[in-house]
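Peer 1: Handing you this structure, nothing more for now.
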Amino acid sequence: MTAGSQVQDDRTGSIYVAPSLSAALDALADYGPAGAPFAGGTWIMRSPIRHEPLRPHYVAIGKIPELSAIRIGKDAIEIGAAVTHAALAAALAGLPEFAVLAAAAGSSANPAVRALATIGGNLSALDFYAADCMPALLCLDAAVEIASRDASERMSLADFLKRRSTFQPGRLLTRIIVPRTERKTAHARLPLRKSGDYPVAIVSLSVNVDTASHVQAVRIAIGSVEQTPRRWGRLEAALLGAVLDPARVADIAAELAAEFTGRDSVEVPAWYRVSVLPSLVRRAAATALAN
Ligand SMILES: Cc1cc2nc3c(=O)[nH]c(=O)nc-3n(C[C@H](O)[C@H](O)[C@H](O)COP(=O)(O)OP(=O)(O)OC[C@H]3O[C@@H](n4cnc5c(N)ncnc54)[C@H](O)[C@@H]3O)c2cc1C
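Going by UniProt numbering, the residue at position 18 of the sequence shown is 18; the numbering climbs one at a time, nothing skipped.
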């Protein structure tokens, strides 16, 4: 293992603070199934509450320069996996095409959690069904890079979602790549009571409209309703070519919403997650038009 600081923690075993990406990948490969990345730690710290065992070893990735960088290029933005929600929201302020992602990162959880929780952790926490950045990045057609000691692979976020539970130990999400294009975007979420709660349902919208507000292209992603976030293809198809009228969009969403099977939980019954979708879609459309 390359030099870096090793901290012994009575509850978690060891935490190795990796000084570089190669050191982190080496450590993860050496630990195998006994190790895992440690980013903001906001999901890991709640493992005991979820009755999940902690790993004997963690590899902290927060001090690796390239994982904490955001590069805003002409054709795409690249976001290091260890960028915090707060840093991401601040970096994207003033870029309307990324309003959906700035809102997702800037409205999730609460300020203390946003200062620690990373975008890579948000996408990698298995069994976390209410990740705000997930639908936002799905509607932006994002790709991710996954690295191991021996290789690096780029895949669409949709493929990552299908494959992430099958990755062998030693894999690290390193970067998120989001193409740049002219579009209007918005993120609408319904927390149970107020800020700080996990959202009941999330609608992320990206739309291109012509000068008469006719929809030229649209991507709508739904989060927190089912276990896995996904695009709402039938709603997208129904909106193409028509004027983006928030009330009409909500009516169509109400007609199509039965295709979702809401997830049950102690906080919210399954049917409620589905029933709020039309109003969230309406809000997302209105916000996108105003952005
Ligand atoms: C009170 C509270 C409220 C919250 N509310 C919301 C909310 O409304 N919306 C929302 O989206 N989030 C919310 N969160 C945050 C969310 O629950 C996760 O905690 C967070 O997104 C995970 O990021 P992290 O950097 O802390 O990850 P960690 O806790 O460090 O890691 C999470 C998991 O991902 C793995 N991992 C981390 N980084 C990588 C990587 N780069 N590559 C591969 N695997 C990796 C870890 O090994 C671990 O299994 C909330 C958290 C709290 C505590």
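Quick reminder that beta carbons are idealized off the backbone N, C-alpha and C, glycines included.
If you're wondering where the values come from, they're calculated on a predicted model, not measured in any experiment.
What are the boundary residues of the alpha helix (DSSP H) that includes G262?
Peer 2: Element bounds for G262: n/a, residue is neither H nor E.
Peer 1: Roughly how far, in whole angstroms, is the beta-carbon of S224 from the beta-carbon of V200, given that I think they are within contact range, below 8 Å?
Peer 2: Contact flag correct, Cβ pair sits at about 6 Å.
Peer 1: For V207, count neighbouring C-beta atoms within 10 Å of its own C-beta (all shown protein chains included) and say buried if the count is 16 or more, exposed if not.
Peer 2: Buried, since its Cβ has 16 or more Cβ neighbours within 10 Å.
Peer 1: With H, G and I counted as helix, E and B as strand and the rest as coil, what does DSSP make of V207?
Peer 2: Here V207 sits in strand by DSSP.
Peer 1: Would you report the Cα separation of S108 and Y198, rounded to the nearest angstrom?
Peer 2: Near 8 Å, if we compare the C-alpha coordinates of Y198 and S108.
Peer 1: Do you know whose CA, among S275, T228, V215, Q227, lies nearest E236's CA?
Peer 2: Checked all of S275, T228, V215, Q227; the closest Cα to E236 is V215.
Peer 1: Answer yes or no: the CB of P199 versus the heavy atoms of ligand 1, is any distance below 7 Å?
Peer 2: True, at least one ligand heavy atom lies under 7 Å from that Cβ.
Peer 1: Looking at ligand 1, does it come within less than 7 Å of I222, judged from the CB to the closest heavy atom?
Peer 2: Because no heavy atom of ligand 1 lies under 7 Å away, the Cβ of I222 does not count as near it: no.
Peer 1: Residues in its own chain within less than 6 Å of L240 by CB, not counting five upstream and five downstream?
Peer 2: These residues qualify, in order along the chain: V215.
Peer 1: Please state whether the Cβ-Cβ distance between C139 and A81 is less than 8 Å.
Peer 2: Taking 8 Å as the Cβ cut-off, C139 and A81 do not qualify as a contacting pair.
Peer 1: Please tell me whether A39 and G121 are closer than 8 Å, where the distance is taken between their beta carbons.
Peer 2: Closer than 8 Å, so yes.
Peer 1: Could you tell me if H51 is buried or exposed, where buried requires 16 or more neighbouring beta carbons within 10 angstroms of its beta carbon?
Peer 2: The residue in question, H51, is exposed, as its Cβ has fewer than 16 Cβ neighbours within 10 Å.
Peer 1: So, under 8 Å CB-CB, P169 and L28 are touching, yes? Tell me the CB distance rounded to an integer number of Å.
Peer 2: P169 to L28, Cβ: 7 Å. Contact.
Peer 1: Let me check understanding here. Comparing Cα to Cα, which of A99, A258, R263, A253 lies closest to E226?
Peer 2: With distances taken between Cα atoms, E226 lies closest to R263.
Peer 1: Rounded to the nearest angstrom, what separates D127 and F160 at their Cα positions?
Peer 2: When rounded, the distance between both Cα atoms is 14 Å.
Peer 1: What's the call for A188, buried or exposed, on a 16-neighbour Cβ count within 10 Å?
Peer 2: A188 comes out buried.
Peer 1: Starting from M45, trace the alpha helix (DSSP H) both ways and give me its first and last residue.
Peer 2: Segment: none, M45 is in no alpha helix (DSSP H) and carries neither H nor E.
Peer 1: Checking 8 Å against the spacing of the C-beta atoms, do L173 and V144 come in under that value?
Peer 2: Closer than 8 Å, so yes.
Peer 1: Hey, out of T228, L116, T84, whose CA is closest to Y129's CA?
Peer 2: The candidate whose alpha carbon is nearest that of Y129 is T228.
Peer 1: Look at the alpha carbon of V178 and the alpha carbon of A186, and state the distance between them as a whole number of angstroms.
Peer 2: Their backbone Cα atoms lie some 16 Å apart in a straight line.
Peer 1: Would you call P135 buried or exposed, if buried means 16 or more other Cβ atoms sit within 10 Å of its Cβ?
Peer 2: When all chains shown are included, P135 counts as buried.
Peer 1: Could you pull out every residue in the same chain whose Cβ sits closer than 6 Å to the Cβ of R154, ignoring the five residues on either side in sequence?
Peer 2: Once the five neighbours on either side are set aside, the close Cβ partners of R154 are A143, E145.
Peer 1: Which full runs of the alpha helix (DSSP H) of 4+ residues lie inside the region 18 to 94, going along the chain?
Peer 2: DSSP runs (the alpha helix (DSSP H)) wholly in the region 18 to 94: 21 to 31, 85 to 92.
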